[in-house]
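Visitor:
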Amino acid sequence: MITIRDVAKQAGVSVATVSRVLNNASCSETARLAVESAVQNLGYSPNANAQALALQNTDTLGVVVTDVTDPFFAILVKSVDQVAHEYGKTILIGIGYHNAEKERNAIETLLRKRCSCLVVHSKALTDQELINYLEQAKGMVIINRCIAGYEHRCVSLDNQRGTFLATELLIKLGHRKIGYIGSNHQINDEVERKQGYLTALQQYGLPVIENTSVQNSPDFEGGEAAMIDLLSYHSDLTAVVTYNDSMAAGALSVLTENNINVPRQFSLIGFDDMPIASHLVPKLSTIRYPIDLMATYASKLALSLINENIETPIHTQFNPTVVRRFSTDSCYQR
1 MITIRDVAKQ AGVSVATVSR VLNNASCSET ARLAVESAVQ NLGYSPNANA QALALQNTDT
61 LGVVVTDVTD PFFAILVKSV DQVAHEYGKT ILIGIGYHNA EKERNAIETL LRKRCSCLVV
121 HSKALTDQEL INYLEQAKGM VIINRCIAGY EHRCVSLDNQ RGTFLATELL IKLGHRKIGY
181 IGSNHQINDE VERKQGYLTA LQQYGLPVIE NTSVQNSPDF EGGEAAMIDL LSYHSDLTAV
241 VTYNDSMAAG ALSVLTENNI NVPRQFSLIG FDDMPIASHL VPKLSTIRYP IDLMATYASK
301 LALSLINENI ETPIHTQFNP TVVRRFSTDS CYQR
């Protein structure tokens with residue numbers, strides 16, 4: 001497929017210049033003729049991105065998420081909507097479901113609907129494909145992912161640091177046999193979170209025991225199934241780090257059903273700090289993922305990229321932090 005980059009290379013101009021020509025914006029006559037010639041010779045047909053840029057609508061803010069039924073993404077969308085309301089705009093939502101084709105369609109649809117600003121959560125598309133979108137839609141910002149060369153338009157968190165802190169907390173409480181419940185989705189978040197757990201074990205000189213890491217769907221049911229598997233493999237585990245709070249809730253349910261007291265006999269820590277964490281019994285210790293703050297920052301950044309009257313927010317480094325509640329305690333061997 002011929003891309004706008006190919007046209008730019010053929011014409012000997014920048015991608016931005018090609019976009020200006022395609023959108024009938026001001027540029028030199030020499031550049032215009034070169035781009036038009038390259039378009040004709042290559043048979044390039046502007047896609048939804050270029051069409052959207054030609055018909056920009058600054059009254060809407062698009063947001064692409066994985067699944068609006070997930071509390072994590074519900075908070076993300078709510079935060080984007082609050083920023084949109086603050087600036088007198090409305091939001092349009094696309095859903096990707098961790099599927100490349102659906103993520104692509106969601107972005108393309110929002111562009112066809114003339115969204116000039118987008119906050120995109122994408123895990124299935126390649127870096128290169130997202131770069132192509134970033135180059136053509138100047139008001140697009142990526143959240144929960146960092147792409148080399150576009151760090152200034154990406155908002156992300158150090159997942160590995162988060163699970164390192166979670167595992168470190170358990171180790172400092174005296175736990176030596178610690179399991180990990182992860183997601184079976186093939187995304188970087190899972191790779192990074194598991195690596196944080198493994199790095200902590202290594203740094204504190206603890207062995208990696210076979211079958212102490214189990215993956216399942218990143219929801220309550222997945223947490224239940226994973227905890228059952230861990231108990232089947234090991235009767236002497238005293239603590240578990242989980243991929244997210246929903247999985248931790250499922251794991252807690254299984255522990256309770258097996259008369260294993262949390263935290264007296266078993267410690268459990270989640271990730272994300274979703275509302276459910278403070279409503280469980282006991283209240284869940286977890287790693288705070290400030291998705292509300294990150295989504296607010298990403299939305300304001302996206303708006304500032306296409307409207308010079310909106311001040312660009314000061315770059316902020318978002319960090320995971322431990323939220324200590326009542327599901328973690330000093331080690332007690334069962």
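With the first letter of the sequence shown counted as 1, position 33 gets the number 33 in my numbering; the numbers rise by one all the way through.
No residue lacks a Cβ here, since even glycine has one placed at the ideal position from N, Cα and C.
Check whether the region 296-304 touches the region 100-115, counting contact only when three or more Cβ pairs, one atom from each stretch, lie closer than 8 Å.
Guide: Not touching, per the Cβ criterion.
Visitor: At 3 residues or longer, what runs of the beta strand (DSSP E) sit wholly inside the region 154-241?
Guide: 178-183, 213-216
Visitor: Whole-angstrom Cβ separation of Pro-313 and Leu-301, contact assumed at under 8 Å?
Guide: Locating residue 313 in the sequence shown gives position 313, where the first residue counts as 1. Locating residue 301 in the sequence shown gives position 301, where the first residue counts as 1. The Cβ separation is near 6 Å, so the contact holds.
Visitor: Indicate the three-state DSSP secondary structure (helix, strand or coil) for Val-68 in the structure shown.
Guide: The count along the sequence shown starts at 1 and reaches residue 68 at position 68. The DSSP-derived three-state label of Val-68 is coil.
Visitor: Is the Cβ-Cβ distance between Ala-239 and Gly-270 less than 9 Å?
Guide: As a working mapping, residue 239 is identified with position 239 in the sequence shown. As a working mapping, residue 270 is identified with position 270 in the sequence shown. Not a contact, by the Cβ cut-off of 9 Å.
Visitor: How big is the Cα-Cα spacing for Lys-283 and Gly-149?
Guide: Residue mapping note: residue 283 aligns to position 283 of the sequence shown, counting from 1. Residue mapping note: residue 149 aligns to position 149 of the sequence shown, counting from 1. The straight-line gap separating the alpha-carbon atoms of Lys-283 and Gly-149 is approximately 41 Å.
Visitor: Between the beta-carbon of Ser-122 and the beta-carbon of Gly-139, is there less than 9 Å?
Guide: Residue mapping note: residue 122 aligns to position 122 of the sequence shown, counting from 1. Residue mapping note: residue 139 aligns to position 139 of the sequence shown, counting from 1. No; because the gap between Cβ atoms is not below 9 Å, this pair is not in contact.
Visitor: Count the other CB atoms within 10 Å of the CB of Pro-218; is the residue buried (16 or more) or exposed (fewer)?
Guide: One-based indexing of the sequence shown puts residue 218 at position 218. Looking at its Cβ environment, which holds 16 or more other Cβ atoms inside 10 Å, Pro-218 is buried.
Visitor: Taking the alpha carbon of Leu-231 as the reference point, which residue from Val-322, Asn-184, Tyr-180 has its own alpha carbon closest?
Guide: Here the question's residue 231 lines up with position 231 in the sequence shown. Here the closest residue by C-alpha is Tyr-180.
Visitor: Based on the DSSP secondary-structure assignment, which residues constitute the bridge partners of Leu-61?
Guide: Looking up residue 61 in the sequence shown gives position 61. DSSP output for Leu-61 lists Ile-91, Cys-117 as bridge partner(s).
Visitor: Does Leu-284 come out as helix, strand or coil in the three-state DSSP assignment?
Guide: Residue numbering aside, residue 284 sits at position 284 when the sequence shown is read from its first letter. Residue state, collapsed to three classes: coil.
Visitor: Taking the alpha carbon of Ile-187 as the reference point, which residue from Val-262, Thr-66, Tyr-233 has its own alpha carbon closest?
Guide: The residue given as residue 187 occupies position 187 in the sequence shown. Nearest C-alpha to Ile-187: Thr-66.
Visitor: Specify whether the region 253-265 and the region 204-218 touch according to this definition: at least 3 beta carbon pairs, one from each stretch, less than 8 Å apart.
Guide: Using a C-beta cut-off of 8 Å, the region 253-265 makes no contact with the region 204-218, since fewer than three inter-stretch Cβ pairs fall below that distance.
Visitor: Report buried or exposed for Asn-309, applying the criterion of at least 16 other Cβ atoms within 10 angstroms of its Cβ.
Guide: Counted from its first residue, the sequence shown places residue 309 at position 309. So Asn-309 counts as exposed.
Visitor: Please report the straight-line C-alpha distance between Phe-266 and Glu-311, rounded to a whole angstrom.
Guide: The residue labelled residue 266 in the question sits at position 266 within the sequence shown. The residue labelled residue 311 in the question sits at position 311 within the sequence shown. Distance between the alpha carbons of Phe-266 and Glu-311 is about 49 Å.
Visitor: Val-18 and Ile-2 look like a contact to me (Cβ under 8 Å); what is the Cβ gap, rounded to whole Å?
Guide: Here residue 18 refers to the residue found at position 18 when the sequence shown is read from its first residue. Here residue 2 refers to the residue found at position 2 when the sequence shown is read from its first residue. Going by Cβ atoms, the distance from Val-18 to Ile-2 rounds to 12 Å, so no, they are not a contact pair.
Visitor: Could you check whether the Cβ of Asp-272 sits closer than 8 Å to any heavy atom belonging to the ligand GTP?
Guide: Looking at this structure, you won't find the ligand GTP or any other ligand, since it has none at all.
Visitor: According to DSSP, is Leu-125 helix, strand or coil?
Guide: Working through the sequence shown from its first residue, we reach residue 125 at position 125. In the structure shown, Leu-125 sits in coil (DSSP, three-state: anything other than H, G, I, E or B).
Visitor: List the residues that DSSP assigns as beta-bridge partners of Asp-272.
Guide: Start at 1 with the first residue of the sequence shown, and residue 272 comes out as number 272. DSSP output for Asp-272 lists Arg-288 as bridge partner(s).
Visitor: Could you spell out the range, first to last residue, of the beta strand (DSSP E) harbouring Thr-321?
Guide: Against the sequence shown, residue 321 aligns to sequence position 321. First-last of the beta strand (DSSP E) with Thr-321: 321-323.
Visitor: Just the Cα atoms here: how many angstroms apart are Gln-195 and Gly-43?
Guide: Counted from its first residue, the sequence shown places residue 195 at position 195. Counted from its first residue, the sequence shown places residue 43 at position 43. Distance between the alpha carbons of Gln-195 and Gly-43: 46 Å.
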